[in-house]
Amino acid sequence: MKIAVFHNFPPGGGKRTVYEQVKGFINRGHIVDVYQLSHDHSDFCDLTSLACRVFEFKFSKSSNRLLADWQNFISLPLLHKRIADHINSGGYAVALIHPDLYTESPFILHFLNLPHVYHCHELLRIGYEPELAFHENVGIAKTMYENFTRKIRVAIDKKNAQIAQKIITTSHFMQKNIKKAYCRNSNICVSGVDPEIFKPYHTKRDKIIFIGSKTHIGGYDFVREITKKVKTEIIYYGFSSKGADVNDDKALAKAYSQSFACLCVSHNEPFGLKALESMACETPVLAVNEGGYRETVVDGATGWLLPRNPQAFADKIKFLQKNPDNVKKMGQAGRKHVINNFTWNRHVDRLLSLINPG
10 MKIAVFHNFP PGGGKRTVYE QVKGFINRGH IVDVYQLSHD HSDFCDLTSL ACRVFEFKFS
70 KSSNRLLADW QNFISLPLLH KRIADHINSG GYAVALIHPD LYTESPFILH FLNLPHVYHC
130 HELLRIGYEP ELAFHENVGI AKTMYENFTR KIRVAIDKKN AQIAQKIITT SHFMQKNIKK
190 AYCRNSNICV SGVDPEIFKP YHTKRDKIIF IGSKTHIGGY DFVREITKKV KTEIIYYGFS
250 SKGADVNDDK ALAKAYSQSF ACLCVSHNEP FGLKALESMA CETPVLAVNE GGYRETVVDG
310 ATGWLLPRNP QAFADKIKFL QKNPDNVKKM GQAGRKHVIN NFTWNRHVDR LLSLINPG
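Shown next, in the form of structure tokens:
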């Protein structure tokens, strides 16, 4: 089967998912062409390293807000139409469409005339989550403009998603959100981990690890509140405008492996690859009892699902520090849980069954 894959992801979990999907398709004998917009730091999960063709289209957002919005609302759909025309004439059996970071649900869905599936990783979060509501003190005019353009972006996201022939997503949490926001049904295809890379490498040390953006929505301020209550070293890894803090999966796995706990505290996390990566490395997960974490972490067995309370997290960290046997037991249970339920091989098999137009 000849498959077209579109995405516009910066470094992060979305880009990793695209990489693993394309690799899995190729390993199963399918022909894959990737269509992507240009980005800095493309070395993260570099798709050009795989046996596929990669068509890259230049698109650079202006630093001027008015011009950037013009690009979002006018230039971007024109570019997506050009990409769709290329895909439409490429002889593909199906197109797998991922989000565009500028609009979430991408414009390209309007222009495809072949079977296609939209992989919805998350909604346009600024339009649906109170934690991301606009509260900056920038004056009435700028506030009105921001809220107005947000409404436009939400309308674009909804309209683009609703035109998709089929929608897939990663969790029951996201499935419910899609139904509520887009009035569309969707199929679940959970993400995964490569357990041959993410595995135990080291004995545990007195360290905990946090993977995520150093923002409120990423839970960074909450992590700082937790660490005020415990005595342990914390390892921070994340993504920024400078790229990923670590591009080497084995190095990342070693960081998980030497930690005795991983903090997963993002607000309304759609799925959360970091919880799976941690468990695959036999590191217990301390996660907020929210979002997709509820579907990956087995409370009391592979870690804990906790209220968003710093003291609750600190108490579990102190318990694990004093009870290394529990760390080992939970770690082993976590790796077994991942191998049985959350590998990229299982993901790609399920995905192919969902996108196959036959």
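Following the numbering used here, the numbering of the sequence shown begins with 10 at its first residue and continues without gaps. Glycine included, every Cβ here is placed at the ideal spot set by N, Cα and C.
- Counting along the chain, the unbroken beta strand (DSSP E) around Y127 starts and ends at 125-128.
- As for any beta strand (DSSP E) of minimum length 3 sitting wholly inside the region 153-229, the runs are 176-178, 216-220, ordered along the chain.
- Residue environment: R344 is assigned as buried (16 or more neighbouring CB atoms within 10 Å of its CB, all protein chains considered).
- Within a 10 Å sphere around the beta-carbon of R214 sit fewer than 16 other beta-carbons, which makes this residue exposed.
- Of N169, T179, I217, the smallest CA-CA separation from L85 is found for N169.
- Rounded to the nearest angstrom, the Cβ distance from S200 to T178 is 10 angstroms, too far for a contact under 8 angstroms.
- I226 is positioned such that its CB atom lies closer than 7 angstroms to that of H276.
- Rounded to whole angstroms, the separation of the alpha carbons of A296 and P209 is 20 angstroms.
- The beta carbon of L363 is closer than 7 angstroms to those of V126, I177, N196, C198 in its chain, skipping five residues each way along the sequence.
- Spatial neighbours of G301 in its own chain (CB-CB distance under 6 angstroms, excluding positions within 5 residues in sequence) are listed in chain order as S180, F182, E278, P279, F280, G281.
- Considering only V357, F157, I348, the residue with the shortest C-alpha distance to E205 is I348.
- In the structure shown, P20 falls within a coil segment according to DSSP collapsed to helix, strand and coil.
- Cβ contact annotation for I161 (same chain, cutoff 8 angstroms, sequence separation greater than five): F82, in chain order.
- Shortest Cα-Cα distance from P108 to any of K188, G33, G23, R91 involves G23.
- Cβ contact annotation for V31 (same chain, cutoff 7 angstroms, sequence separation greater than five): V14, V41, V43, L56, L59, C61, in chain order.
- One alpha carbon belongs to E299, the other to G100, and they sit about 42 angstroms apart.
- Here L132 really is in contact with D166; their C-beta atoms are around 7 angstroms apart, less than 8 angstroms.
- Sequence-distant partners of K237 (beyond 5 residues in either direction) whose C-beta falls short of 8 angstroms from its own C-beta, in its chain, are P319.
- Taking the Cα of S268 as reference, the smallest distance to any Cα among K223, L329, A77, E234 is reached at L329.
- Taken atom to atom, the span from the alpha-carbon of A323 to that of Y229 is near 15 angstroms.
- If only uninterrupted beta strand (DSSP E) runs of at least 3 residues are considered, those enclosed by the region 257-288 are 270-273.
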